[in-house]
Amino acid sequence: MNEPRHHDAIVIGAGIFGCGISFELARRGWNVCAVDMNSGPGLGSTSSSGAIIRFQYSTVPGIRLAWEGNQYWVNFAEYLETAEHPNGVAHKVTTGMAFLRSDEQLHQMYVRKLTEAGVPFEEWSPEELAKRYPWLTLAEFGGPRSTDDPEFWSEPVGELPGALWTPDCGYVSDPQLAAQNLHHAAQAKGATFRFNTRVDDILLADDDKAVCGVQLRDGTQIHAPVVINVGGPWSSTLNELAGLAGSMAIETRPMRHEAHIAPAPEGLDYEANGTMIGDLDQGMYFRPSPGNNIFVGSTDPDCDGHEWVQDMDTLNREITEPIWNRQMMRIAKRIPEFGVPHQRRGLAEAYDVSTDWGPIYDRTDLDGFFVAIGTSGNQFKNACVASHLMAELVTAVSAGHDHDNDPLTLRGRFTDTPIDMAAFSRNRPINEESTGGVLG
Ligand SMILES: Cc1cc2nc3c(=O)[nH]c(=O)nc-3n(C[C@H](O)[C@H](O)[C@H](O)COP(=O)(O)OP(=O)(O)OC[C@H]3O[C@@H](n4cnc5c(N)ncnc54)[C@H](O)[C@@H]3O)c2cc1C
0 MNEPRHHDAI
10 VIGAGIFGCG
20 ISFELARRGW
30 NVCAVDMNSG
40 PGLGSTSSSG
50 AIIRFQYSTV
60 PGIRLAWEGN
70 QYWVNFAEYL
80 ETAEHPNGVA
90 HKVTTGMAFL
100 RSDEQLHQMY
110 VRKLTEAGVP
120 FEEWSPEELA
130 KRYPWLTLAE
140 FGGPRSTDDP
150 EFWSEPVGEL
160 PGALWTPDCG
170 YVSDPQLAAQ
180 NLHHAAQAKG
190 ATFRFNTRVD
200 DILLADDDKA
210 VCGVQLRDGT
220 QIHAPVVINV
230 GGPWSSTLNE
240 LAGLAGSMAI
250 ETRPMRHEAH
260 IAPAPEGLDY
270 EANGTMIGDL
280 DQGMYFRPSP
290 GNNIFVGSTD
300 PDCDGHEWVQ
310 DMDTLNREIT
320 EPIWNRQMMR
330 IAKRIPEFGV
340 PHQRRGLAEA
350 YDVSTDWGPI
360 YDRTDLDGFF
370 VAIGTSGNQF
380 KNACVASHLM
390 AELVTAVSAG
400 HDHDNDPLTL
410 RGRFTDTPID
420 MAAFSRNRPI
430 NEESTGGVLG
């Protein structure tokens, strides 16, 4: 039972991050073993992702990461370095994004920070928006409200003064396929994957100061001097197994989230001519989805409350009627021609939410134990660039680099953008400018 198996690194989780990090380490010559309790790659929260690519983040390093990350999707087929993909290769669909201008302070912050990060954008007047997307109303509703609130049905309080247009936004055609692609690419570089295999414990050495492997549910132990937690919404459970509960300034916990899919109004070819809309006035965002559908996400405004998950093993993955109705009524207020559908469709999963809704790409206080966690419903887009950062970090720290006192700054492979990894530290100051909700 306890046959020791030796690898250079064990990756816990084979979602988009686990597959990406396995690929990046394997292509650097590491002997990697990835372990996942699901039956294949990308079947955790990755399979429910909206896979939206956008650049509105509240920190310049966050924007730079997304801008560099976008290039991986633009060049995804070449990036994989292998042509063997039996189900095809996922691709980026560029739609642009009109982020409605409902909060002037936020609008000015994005203008400032997108400029600093060098991301192209335009400020659109209401006339420009109406010319391009006449099916959209610019009515201002005074912020998101619960459907139980009688004010929900009140008349608009005014008109929104336009939008911030970012032409390079879009989405990845199929997030689960993207994970499969990275899985194939990692295997082609020699990484091994063990599916239907649950990690039940983290093994410690050196008076519990360092990690030395993992124990599986059947009692088997696998050994490696490096273990990486990419458990998605299960990340806090894995950190607890490693004895790291309470050791980080930024913590993670799972939060249930629903996203919905509804048909576009009759006569509107939204799939071909639509764009992505960010709408904080209604606490939602939406984008085109195959089959002339609308993918509708929520920014989880305070009025809706947050569904924190105690036990991921009992997560309700059904679309619920109240949340479906609420989101459909909200989109009907933004697209007057929208006919509320009767059949509920969508995805219910969990975000791995961090204290300030930003990711943690870092080492930990346990030598050899690394984390790429806290992706907070907004880091699918960054999975490839973050995998590159993680592989560089693991390599540098394993060679003795003191990342805590001398954080790495890495340059983007595609854009040459400097990416300051201190911004993704487990012990960073909490980002007070975070909006506390996401637009995908
Ligand atoms: C509804 C929804 C919409 C989203 N929309 C967007 C979006 O539009 N844009 C965007 O950028 N991001 C979005 N995200 C976020 C993005 O999808 C996630 O950040 C990303 O998919 C996380 O990938 P991961 O590999 O870290 O986690 P996962 O895909 O969840 O993978 C973690 C894996 O770890 C495995 N695991 C956990 N514990 C163990 C264990 N003990 N033993 C073995 N295996 C284990 C699980 O089985 C799982 O497969 C969204 C997320 C959700 C849920």
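In this text, residue positions in the sequence shown follow numbering that gives the first Met the number 0: the first is 0, and each later residue adds one. Ideal placement from N, C-alpha and C gives every residue a C-beta, glycine not left out.
| Among the residues of its own chain, which have a CB less than 8 Å from the CB of Ile52, if the five just before and after it don't count? | As a position in the sequence shown, residue 52 is number 53, starting the count at 1. When the five nearest sequence neighbours on each side are left out, the beta carbons in the same chain lying within less than 8 Å of the beta carbon of Ile52 are those of Ala65, Gly68, Asn69, Trp72, Lys91, Asp167, Cys168, Gly169, Tyr170, Val171 and Lys380, in order along the chain.
| request: Rank Gly95, Glu115, Ile62 and Asn180 by C-alpha distance to the C-alpha of Asn86 and give the top, closest one. | output: As a working mapping, residue 86 is identified with position 87 in the sequence shown. For Asn86, the nearest C-alpha among the options comes from Asn180.
| According to DSSP, residues forming a beta bridge with Ala371 | If you number the sequence shown from 1, residue 371 lands on position 372. DSSP lists Tyr360 as partners of Ala371.
| Burial state of Gly141, where buried means 16 or more other Cβ atoms lie within 10 Å | Counted from its first residue, the sequence shown places residue 141 at position 142. Its Cβ having fewer than 16 others within 10 Å, Gly141 is exposed.
| message | Taking 6 Å as the cut-off, is the beta-carbon of Met389 closer than that to any non-hydrogen atom of ligand 1? | response | Position 390 of the sequence shown, counted from the first residue, corresponds to residue 389. No, the Cβ of Met389 stays beyond 6 Å of every heavy atom of ligand 1.
| request: Run through the segment 56-94 for me and flag every whole alpha helix (DSSP H) of 4 or more residues, listed as ranges in chain order. | output: Listed in chain order, they are 59-73 and 75-78.
| 8 Å contact criterion, which Ser386 and Gly19 should meet: CB distance rounded | For this step, residue 386 is matched to residue 387 along the sequence shown. For this step, residue 19 is matched to residue 20 along the sequence shown. About 3 Å; that satisfies the 8 Å criterion.
| said: Let me check one thing: in DSSP terms, what residues is Tyr170 bridge-paired to? | reply: Position 171 of the sequence shown, counting from 1, holds the residue named residue 170. Tyr170 has Ile51 and Val92 as its beta-bridge partners, per DSSP.
| Looking at the unbroken alpha helix (DSSP H) that takes in Glu239, where does it start and where does it end? | One-based indexing of the sequence shown puts residue 239 at position 240. Segment Ser234 to Leu240, the alpha helix (DSSP H) holding Glu239.
| field | Residue nearest to Asp312 in terms of C-alpha spacing, selected from Pro253, Leu176, Leu159 and Met96 | value | Within the sequence shown, residue 312 is the residue found at index 313, counting from 1. Comparing Cα-Cα distances from Asp312 to each of Pro253, Leu176, Leu159 and Met96, the minimum goes to Pro253.
| Measuring from the CB of Ala258, is there a heavy atom of ligand 1 at a distance below 6 Å? | Taking the sequence shown and counting its residues from 1, one reaches residue 258 at position 259. True, at least one ligand heavy atom lies under 6 Å from that Cβ.
| Ala395: which of Asn195, Leu409, Cys383 and Glu103 sits nearest, CA to CA? | Position 396 of the sequence shown, counted from the first residue, corresponds to residue 395. Minimum Cα-Cα distance from Ala395 among the listed residues Asn195, Leu409, Cys383 and Glu103 corresponds to Leu409.
| Hey, quick one: how far does the beta strand (DSSP E) through Ile293 stretch, first residue to last? | Working through the sequence shown from its first residue, we reach residue 293 at position 294. Per DSSP, the continuous beta strand (DSSP E) segment holding Ile293 begins and ends at Asn292 to Ser297.
| First and last residue of the uninterrupted alpha helix (DSSP H) at Arg329 | Along the sequence shown, one-based indexing puts residue 329 at 330. From DSSP, the alpha helix (DSSP H) with Arg329 extends over Glu320 to Arg333.
| Cα-Cα separation, Lys188 to Gly28 | Position 189 of the sequence shown, counting from 1, holds the residue named residue 188. Position 29 of the sequence shown, counting from 1, holds the residue named residue 28. So the alpha carbons of these two residues sit roughly 8 Å apart.
| query | Who are the Cβ neighbours of Gly338 in its own chain at under 7 Å, not counting the five residues just before and after it? | reply | To locate residue 338, count along the sequence shown from 1; it is residue 339. Excluding sequence neighbours, Gly338 sits near Pro264.
| message | Alpha carbons only, please: which of Trp152, Tyr56, Ala116 and Asn74 is nearest the one belonging to His106? | response | On the sequence shown, position 107 is the one that residue 106 refers to. Nearest Cα to His106 within the set Trp152, Tyr56, Ala116 and Asn74: Tyr56.
| task | My understanding is that Leu24 touches Val34, with C-beta atoms under 8 Å, so please give their C-beta distance in whole angstroms. | result | The residue given as residue 24 occupies position 25 in the sequence shown. The residue given as residue 34 occupies position 35 in the sequence shown. Their Cβ separation, rounded to whole angstroms, is 14 Å, which puts Leu24 and Val34 out of contact at 8 Å.
| field | Pairwise C-alpha distance: Thr319 and Asp173 | value | The residue you call residue 173 lines up with position 174 of the sequence shown. The residue you call residue 319 lines up with position 320 of the sequence shown. Distance between the alpha carbons of Asp173 and Thr319: 24 Å.
| message | Suppose contacts are defined by Cβ-Cβ distances below 7 Å. Is Asp351 in contact with Ser234 by that definition? | response | Taking the sequence shown and counting its residues from 1, one reaches residue 351 at position 352. Taking the sequence shown and counting its residues from 1, one reaches residue 234 at position 235. With respect to Ser234, Asp351 sits close: the two C-beta atoms are nearer than 7 Å.
| task | Using 10 angstroms around the beta-carbon of Asn1, count the other beta-carbons present and answer buried if the total reaches 16, otherwise exposed. | result | Walking along the sequence shown from the start, residue 1 turns up at place 2. Note on Asn1: pLDDT 49, under 50, position unreliable in the model; the coordinate value appears next. In summary, Asn1 is exposed, with fewer than 16 beta-carbon neighbours lying within 10 Å of its beta-carbon over all protein chains present.
| request: Taking Tyr269 as part of the alpha helix (DSSP H), name the residues at either end of that continuous run. | output: Looking up residue 269 in the sequence shown gives position 270. Unbroken alpha helix (DSSP H) run through Tyr269: Tyr269 to Asn272.
| request: Determine, using beta carbons only, whether Phe16 and Val229 come nearer to each other than 7 Å. | output: Position 17 of the sequence shown, counted from the first residue, corresponds to residue 16. Position 230 of the sequence shown, counted from the first residue, corresponds to residue 229. Inclusion of Phe16 and Val229 in the CB contact set at 7 Å is warranted, their separation being smaller than that value.
| said: Need the endpoints of the beta strand (DSSP E) that Ser288 sits in, please. | reply: On the sequence shown, residue 288 is found 289 positions in, with the first residue counted as 1. Residues Met283 to Ser288.
| message | DSSP has Cys32 in a bridge; who is on the other side? | response | Position 33 of the sequence shown, counting from 1, holds the residue named residue 32. Residue pairing by DSSP places Cys32 opposite Ile9 and Thr191 in a beta bridge.
| query | Do you know how far the Cα of Ser48 is from the Cα of Gly95? | reply | Working through the sequence shown from its first residue, we reach residue 95 at position 96. Working through the sequence shown from its first residue, we reach residue 48 at position 49. The C-alpha of Ser48 is placed about 18 Å away from the C-alpha of Gly95.
| Mind checking Ile201: buried by the 16 CB within 10 Å criterion, or exposed? | The residue you call residue 201 lines up with position 202 of the sequence shown. So Ile201 counts as buried.
| said: If you follow the alpha helix (DSSP H) that Met108 is in, where does it begin and where does it stop? | reply: Within the sequence shown, numbered from 1, the residue matching residue 108 stands at position 109. Here the alpha helix (DSSP H) through Met108 covers Glu103 to Ala116.
| DSSP on Gln309, reduced to helix/strand/coil? | As a working note, residue 309 is residue 310 in the sequence shown. Note: Gln309 maps to coil in three-state DSSP.
| First and last residue of the alpha helix (DSSP H) that includes Glu121? | As a working note, residue 121 is residue 122 in the sequence shown. Run containing Glu121: none in the alpha helix (DSSP H); it sits in the beta strand (DSSP E), Glu121 to Trp123.
| task | Could you check what DSSP says for Glu250 in three-state terms: helix, strand or coil? | result | Looking up residue 250 in the sequence shown gives position 251. Correct three-state label for Glu250: coil.
| query | Which residue comes first and which comes last in the alpha helix (DSSP H) that contains His387? | reply | Counting from one through the sequence shown, the residue named residue 387 turns up at place 388. Unbroken alpha helix (DSSP H) run through His387: Ala382 to Ser397.
| request: Look at Thr474 and Arg325 and say whether their C-beta atoms are less than 7 Å apart. | output: In this structure the chain extends from 0 to 439, so residue 474 is not present and cannot be described.
| message | For a test of your reading of the model: does the CB of Val229 fall under 6 Å from any non-hydrogen atom of ligand 1? Yes or no. | response | Taking the first residue of the sequence shown as 1, we reach residue 229 at position 230. Flag set: Cβ of Val229 near ligand 1.
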